[in-house]
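The sequence shown begins at 152 in my numbering and counts up one residue at a time. Heads up, the beta-carbon is just placed ideally off N, CA and C, and yes, glycines get one too. Keep in mind that this is a model prediction, so the values were computed, not measured. So the structure is just underneath, and the comments pick up after that.
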Amino acid sequence: MAPSHSFHVHASSSHLRWSNAIAPALRVPSGAEVTLELPDGGGNQITRENAAAGTALSSFRLDLADPCVGPVYVEGAEPGDVLRVDILDVSPAADFAWTGVFPDFGILNCDEEFQTPALKIWDLHTAERDGYIVFRAASPRILVPFAPFLGVVGLAPAAPGELPTVPPMPETGGNIDTRYVTAGASLYLPVRVPGALLSCGDAHAAQGDGEVCGMAAEMRATTRLRVTVEKDKPWVKGPWVLTAAPPTKAAGEEEEEKREYMCLGIDSDLREATRKAVRGVIDWLAAEKGLTRVEAYMLASVAGNLKMCEVVDMPNYTIGCSIPLSIFVS
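Below is the structure:
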């Protein structure tokens, strides 16, 4: 059923800090669809023109990175609730994306060979049609699947004050840089303030798990979301992702069977981030699937998968622990 109203947030409603004191850009009812215009992860500082002129990185300001658009106040959302964010569409809003190497950033930030700034421009003219973007056109060609997603989806934190947008927040998300947040996926976030105060940004045309050099294929984008307040999900203590179904599936296979439910553990300690993700899966299996916590721990070990979703937005790591829904047979 089509929504009765359409809501839109312009890119001018952007901010560079997480705070529950930021005035909402928009108020919407639960179940509404919202379209947001998003600058790229660099705040649109890089253009084809300054890249061609060789001046893009010399004038780049890291303090303007990861702008978020919003916040959107969702009526009826109260602390203790969960906001489900269905990703309906993520589309390029410009004909290019970019990847950069910056000194002292990325997982190899101490390696001398990566201390010289470097920039790669990706052409997006035919990305949606072809399903890939070209890393190298000369033989042998290198083609990367075009898989747009939102790097930043988050809610305002409960604590007063301001938090930077680059590190992901352990409870309410933000810069999770998790490549599974594509069209067709759903993100579940614990609400900590009235209205939830949702903001988004940092769309990527493609990214590998970890985003190891610190940048993905950063693109300007337009995204369409559905926001729904949900109750009685006590296991949602941090971000959860219900992945999109693959575009093709075997005959007789239900779409839901090809999806995964993934808890994101976020912490400054890599092992603790992993523990959070695993504990979250145990919480869900015990609450929803009728397992004891010991049974859930064993099932997570046998059927679960760990993913290093983001390892560069310091001080926090994002680790996913996912369970394929295909193992649950009715």
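Three-state secondary structure (DSSP) of residue i
{"i": "R426", "result": "helix"}
{"i": "S242", "result": "strand"}
{"i": "W435", "result": "helix"}
{"i": "S164", "result": "coil"}
{"i": "I470", "result": "strand"}
{"i": "N487", "result": "Here the chain has residues from 152 to 481 only, and residue 487 is not among them."}
{"i": "A309", "result": "coil"}
{"i": "Y488", "result": "Here the chain covers residues 152 to 481 and nothing more, so residue 488 does not appear."}
{"i": "L301", "result": "strand"}
Beta-carbon proximity check, residue i vs residue j, cutoff 8 Å
{"i": "S164", "j": "V220", "result": "yes"}
{"i": "A248", "j": "L275", "result": "yes"}
{"i": "P318", "j": "M465", "result": "yes"}
{"i": "A447", "j": "A437", "result": "yes"}
{"i": "R430", "j": "L476", "result": "no"}
{"i": "L149", "j": "Y224", "result": "In the structure as shown, the chain starts at 152 and stops at 481, and residue 149 therefore has no counterpart that could be examined."}
Buried versus exposed, by CB contacts within 10 Å (16 or more), residue i
{"i": "Q358", "result": "buried"}
{"i": "L393", "result": "buried"}
{"i": "H161", "result": "exposed"}
{"i": "C460", "result": "buried"}
{"i": "G205", "result": "exposed"}
{"i": "T316", "result": "buried"}
{"i": "T443", "result": "exposed"}
{"i": "H355", "result": "buried"}
{"i": "E229", "result": "exposed"}
{"i": "R280", "result": "exposed"}
Residues of its chain near residue i, where Cβ-Cβ distance is below 7 Å and the 5 sequence neighbours each way are ignored
{"i": "A402", "result": "Unreliable placement is indicated for A402, whose pLDDT of 49 sits below 50; the coordinate value is still reported in the next sentence. So no residue of the chain qualifies."}
{"i": "A501", "result": "Given that the chain is displayed from residue 152 to residue 481, the structure contains no residue 501 and the question cannot be resolved."}
Same chain only: Cβ atoms within 6 Å of residue i, ignoring 5 sequence neighbours per side
{"i": "I478", "result": "A454"}
{"i": "F286", "result": "I293 and V295"}
{"i": "T373", "result": "E188, S242 and A244"}
Integer-rounded CB distance, given that residue j should sit under 8 Å from residue i
{"i": "D232", "j": "E381", "result": "7 Å"}
{"i": "D217", "j": "G257", "result": "D217 to G257, Cβ: 15 Å. No contact."}
{"i": "I284", "j": "A368", "result": "6 Å"}
{"i": "P222", "j": "S350", "result": "5 Å"}
{"i": "I433", "j": "P390", "result": "16 Å between Cβ atoms; not a contact."}
{"i": "T323", "j": "P341", "result": "7 Å"}
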